[in-house]
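Protein chains in written order, with my numbering: chain P, 726 to 1055; chain L, 1401 to 1719. Everything on this sheet refers to the single structure shown next.
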Amino acid sequence: MRNLLALTRNETLKVLRKRRFFVVILILLILIPTFVYGQYTTEQRLLAKVGTTDWRAQLQQQITDQEHRMQSPALPDEQKKIMQLQVEQQKYYLDRNINPKATGATTFTRFFMQYGVSLFLPLLVIVIATDIVSSEHSEGTIKLLLTRPVKRWKILLSKYLTLLIYTTLTVMITMVACYAISGLFFGFQGWDAPMFTGFQISGGTFDASQVKVLPHWQLLLMNYGLGWISTIVVATLSFMVSVLVRGTAAGMGVMLAVLIGGNILVQLAADFPIAKYIFTSHLRLTDYVNGTPLPIPDVTLPFSLCILGLWLVGGLIVSFITFTRRDVLA
Amino acid sequence: MNSRTEVFLLTRTSPAVALSVQGLQKTIGKRTIIRNVSFDVHQGEVFGFLGPNGAGKTTTIRMIVGLIAPTAGRICIGGHDVRSEFIEAMRNVGCIVENPELYKYMTGWQNLEHFAAMLGDVTDERIQEVVQLVKMDARIHDKVKTYSLGMRQRLGIAQALLGRPKLLILDEPTNGLDPAGIRELREFIRKLAAEEGLAVFVSSHMLAEVQMMCDRVAILSGGEIVKVTSVEEIVANGVNRVEWNVEPVETARRVLAEALGADNVQQIAATKLIASLTQTETASLNEKLIGAGVSIYSVTVQNQLEELFLEITGGESIA
């Protein structure tokens, strides 16, 4: 146990000294202010256009716009269903006189995870994950690492624990940075605003029977919790690629192709039966609590968690078996 | 005689075996790259592992340190089987496989700390000690990427010595070193073997280097051990190039040609003849020359180990 602690300390120090994690933080610190500023100007423009600061008028306008768009015969049924649900939700909020988009750091922080969970956060995580094993091969240090009196599985476990630490840190830093930076523009209010969660489509119609009222901070934490699960799965699969591939660049290429390909698959062929069992289709776990259904039909949160869990376990099994048995030839 | 004295006598006659390789074989796909390789390395000796490039030296070393699983055979380090008692076996080894590849983005000291943590029981004092041993004190807190190859080599050795191993494995340690560095390394290795009783296993493709550094040598060619022998023996049986400075040169040439064949004897200057022959032949030929009334001004012997090496390894190139 003490041994594993020392090994994990070694690995975390290597990631830090390699400055990979600084790159991740730097990307966050450049992109978040950009998004915040973008959001801010959009709101200002909307204000100028609608000519009112009254959110009720804005929301009513949005509902009317969406209902118009739903009339279009060119719209696919799946998308129509999603829009229908959104409209019903907006009406639900409007009827109860609650602003669903109350501007504030809390809303921005939640939106950032909601939109970032399928591609942006996974990209940040693979920067560290694809490097963590493959770089030892490409730099030749694997020969020193594996000729110490330590079992190979322990070395790999220490690397995996290190990855879990940095993945968790990335999610946490994203949340803190979003809140701090967006708060400067939108104000830090909104923690305890009431939010609804639990909207569903059952039998093709809007179902509000499971709807619960939550303070916004609770919904925010649920979003980040589910987002964390998704990023851990991506991190684990990148870790597997890192074990299988000898170069960091090759590993990143593979993971980029998988993630972007998976995103395209969901958009193009969501009702393709195999899509249901591919991990990239289930990365948007946050959709379950935010009331936007996943693009694939007939899935529930437990089903998504099961699929992601299977991919995670599979990735770990492949990683550990390959790493402990492989001949280190070059 | 009771069994206690018997053991005592045994250990006295043959020093403890630090590394024992028995019937080692490695097959990748259908190709057998290592075939029935066996040898022992004793405590306190410098053992050379000699062979041309591609003979299987590095593959054998990788099997010894557990990087590659052998197809057949057994490797014991300090009496522990590398396959079944990996941790105990690796406690006794320090090694550099191929180049000393350390973490370039860390300082020398941080690298040593990293590997010390993996051993578990290495104190800061011990790290300081090995740093001084390889004379790296001045630059140890600089990043490894700023080091010269010689310094990386020394840091690699420092890393290998951290856990006070019984066996030190160095794969082509003089690659890329300048003559002064090679000489320093040679003296350092001899010192480790003599003073600390370490067994040092050095691979090389250069015979002259092995000759200067090692006590015994195993010659590997095409994945098989051709010969395990002491260095003196190689030198004694080796073919030398001998240069005679003699007069009259015609008589001398006739005497030499009679004994060695006309093709072997060449005249390279007015009074100089050269021929290839063994050390023992040299002595008897000198007697014959004197007997024939030839005055010998000088006899110069140059080792022709490379030729012997080529002969043993079947003419493979020694790049």
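All residues carry an ideal CB built from backbone N, CA and C; glycine is no exception.
Residue i - containing alpha helix (DSSP H), residue span
i: Val-966 (chain P); result: 941–969
i: Ala-830 (chain P); result: 830–841
i: Lys-1688 (chain L); result: 1679–1691
i: Thr-1011 (chain P); result: It is not in any alpha helix (DSSP H) - Thr-1011 (chain P) carries neither H nor E in the DSSP assignment.
i: Met-1551 (chain L); result: 1549–1561
i: Met-1490 (chain L); result: 1486–1491
i: Ser-1604 (chain L); result: Taken as a continuous stretch (DSSP letters only), Ser-1604 (chain L) belongs to no alpha helix (DSSP H), being part of the beta strand (DSSP E) at 1599–1604.
i: Met-897 (chain P); result: 877–911
i: Gln-1532 (chain L); result: 1524–1533
i: Thr-1651 (chain L); result: 1649–1660
i: Val-1027 (chain P); result: According to the sequence provided, residue 1027 (chain P) is Pro. The question's Val does not apply to it. Looking at the DSSP string, the run of the alpha helix (DSSP H) that includes Pro-1027 (chain P) is 1026–1050.
C-alpha gap between residue i and residue j, whole angstroms
i: Lys-884 (chain P); j: Arg-742 (chain P); result: 15 Å
i: Pro-940 (chain P); j: Leu-870 (chain P); result: 49 Å
i: Glu-1525 (chain L); j: Ile-1487 (chain L); result: 24 Å
i: Leu-881 (chain P); j: Ile-954 (chain P); result: 21 Å
i: Val-861 (chain P); j: Lys-868 (chain P); result: Per the sequence shown, residue 861 (chain P) should be read as Glu rather than Val. One C-alpha to the other measures close to 8 Å.
i: Thr-1458 (chain L); j: Gly-1623 (chain L); result: 11 Å
i: Ser-1621 (chain L); j: Thr-1427 (chain L); result: 16 Å
i: His-793 (chain P); j: Glu-736 (chain P); result: 56 Å
i: Leu-753 (chain P); j: Trp-942 (chain P); result: 22 Å
i: Val-1446 (chain L); j: Thr-973 (chain P); result: 39 Å
i: Asp-1537 (chain L); j: Gln-1528 (chain L); result: 8 Å
i: Ile-1557 (chain L); j: Arg-1435 (chain L); result: 30 Å
i: Tyr-1503 (chain L); j: Thr-866 (chain P); result: 7 Å
i: Ala-1719 (chain L); j: Arg-877 (chain P); result: At Ala-1719 (chain L), the pLDDT of 37 sits below 50, so the modelled position is not reliable and the matter cannot be decided from this model.
i: Ile-851 (chain P); j: Ala-960 (chain P); result: 6 Å
i: Leu-1689 (chain L); j: Leu-1562 (chain L); result: 58 Å
i: Glu-1595 (chain L); j: Arg-1050 (chain P); result: 38 Å
i: Val-761 (chain P); j: Trp-780 (chain P); result: 20 Å
i: Ala-1516 (chain L); j: Lys-1627 (chain L); result: 38 Å
i: Met-1490 (chain L); j: Leu-969 (chain P); result: 25 Å
i: Thr-1047 (chain P); j: Leu-732 (chain P); result: 20 Å
Of the listed residues the options, nearest to residue i (C-alpha basis)
i: Asn-1492 (chain L); options: P:Tyr-904, P:Thr-872, P:Phe-964 and P:Leu-945; result: P:Thr-872
i: Tyr-949 (chain P); options: P:Gly-912, P:Phe-913, P:Tyr-904 and P:Gly-915; result: P:Tyr-904
i: Ile-1433 (chain L); options: L:Leu-1562, L:Leu-1424 and L:Gly-1494; result: L:Leu-1424
i: Gln-1667 (chain L); options: L:Ala-1469, L:Gln-1679, L:Val-1642 and L:Ser-1621; result: L:Val-1642
i: Arg-821 (chain P); options: P:Ser-1029, P:Met-808, P:Pro-919 and P:Ile-1003; result: P:Pro-919
i: Val-1617 (chain L); options: L:Phe-1439, L:Ala-1416 and L:Leu-1419; result: L:Phe-1439
i: Thr-906 (chain P); options: P:Gly-987, P:Gln-785, P:Thr-832 and P:Ser-797; result: With the sequence shown as reference, residue 906 (chain P) is identified as Ile, and Thr is not the correct amino acid for it. Closest option to Ile-906 (chain P), Cα to Cα, is P:Thr-832.
i: Val-1417 (chain L); options: L:Phe-1601, L:Thr-1507 and L:Ile-1674; result: L:Phe-1601
i: Asp-1481 (chain L); options: L:Gln-1679, L:Glu-1595 and L:Gln-1422; result: L:Gln-1422
i: Lys-806 (chain P); options: P:Gln-815, P:Ala-799, P:Lys-816 and P:Met-795; result: P:Met-795
i: Phe-897 (chain P); options: P:Asp-917, P:Val-1024, P:Leu-946 and P:Ser-1006; result: Just to set this straight, residue 897 (chain P) is Met in the shown sequence, not Phe. Of P:Asp-917, P:Val-1024, P:Leu-946 and P:Ser-1006, the residue nearest in Cα terms is P:Leu-946.
i: Glu-1633 (chain L); options: L:Ser-1684, L:Leu-1685 and L:Thr-1678; result: L:Thr-1678
i: Arg-1545 (chain L); options: L:Tyr-1505, L:Ala-1683, L:Gly-1494 and L:Glu-1658; result: Note that residue 1545 (chain L) corresponds to Lys in the displayed sequence, not to Arg. The option with the nearest alpha carbon to Lys-1545 (chain L) is L:Tyr-1505.
i: Thr-892 (chain P); options: P:Phe-924, P:Met-808, P:Glu-864 and P:Leu-962; result: P:Leu-962
i: Tyr-765 (chain P); options: P:Ile-999, P:Ile-985 and P:Gly-912; result: P:Gly-912
i: Thr-834 (chain P); options: P:Leu-886, P:Ile-757, P:Pro-874 and P:Met-808; result: P:Ile-757
Boundaries (first-last residue) of the beta strand (DSSP E) holding residue i
i: His-1442 (chain L); result: 1431–1442
i: Ser-934 (chain P); result: Looking at the DSSP string, Ser-934 (chain P) is not in any beta strand (DSSP E), and its letter there is neither H nor E.
i: Lys-1426 (chain L); result: 1417–1428
i: Gly-1466 (chain L); result: Taken as a continuous stretch (DSSP letters only), Gly-1466 (chain L) belongs to no beta strand (DSSP E), as it is neither H nor E.
i: Arg-1474 (chain L); result: 1472–1477
i: Val-1446 (chain L); result: 1446–1450
i: Gln-1667 (chain L); result: 1666–1669
i: Thr-922 (chain P); result: 919–922
Neighbour-count burial assignment, residue i, 16 or more Cβ in a 10 Å radius
i: Leu-909 (chain P); result: exposed
i: Ile-1696 (chain L); result: exposed
i: His-1724 (chain L); result: There is no way to answer for residue 1724 (chain L), as the model of chain L reaches only from 1401 to 1719.
i: Met-900 (chain P); result: buried
i: Leu-1410 (chain L); result: Its pLDDT being 45, under 50, Leu-1410 (chain L) is placed unreliably by the model, and the measurement read from it follows with that caveat. Label assigned to Leu-1410 (chain L): exposed.
i: Val-938 (chain P); result: exposed
i: Gln-804 (chain P); result: exposed
i: Asn-1402 (chain L); result: Residue placement at Asn-1402 (chain L) is poorly supported in this model, since its pLDDT is 46, which falls under 50; the coordinates are not used for a value here.
i: Gly-952 (chain P); result: buried
i: Ser-1717 (chain L); result: With a pLDDT of 45 at Ser-1717 (chain L), under the threshold of 50, the modelled position of that residue is not reliable, and the figure given next carries that caveat. When all chains shown are included, Ser-1717 (chain L) counts as exposed.
i: Asn-1015 (chain P); result: buried
i: Ser-1603 (chain L); result: buried
i: Leu-1762 (chain L); result: Nothing can be reported for residue 1762 (chain L): it is not among the residues displayed for chain L, which extend from 1401 to 1719.
i: Arg-744 (chain P); result: exposed
i: Arg-1554 (chain L); result: buried
i: Ile-999 (chain P); result: exposed
Discussion item. What ranges does the alpha helix (DSSP H) occupy inside the segment 767–829 of chain P, keeping only unbroken runs of at least 4 residues that lie completely in it?
Written reply: Within the segment 767–829 of chain P, the complete alpha helix (DSSP H) runs of at least 4 residues are 780–795 and 802–820.
Worksheet item: What beta strand (DSSP E) runs, 3 residues minimum, are completely inside the segment 1608–1641 of chain L?
Response: Counting whole runs of 3 or more residues, the segment 1608–1641 of chain L contains the beta strand (DSSP E) stretches 1616–1621 and 1624–1630.
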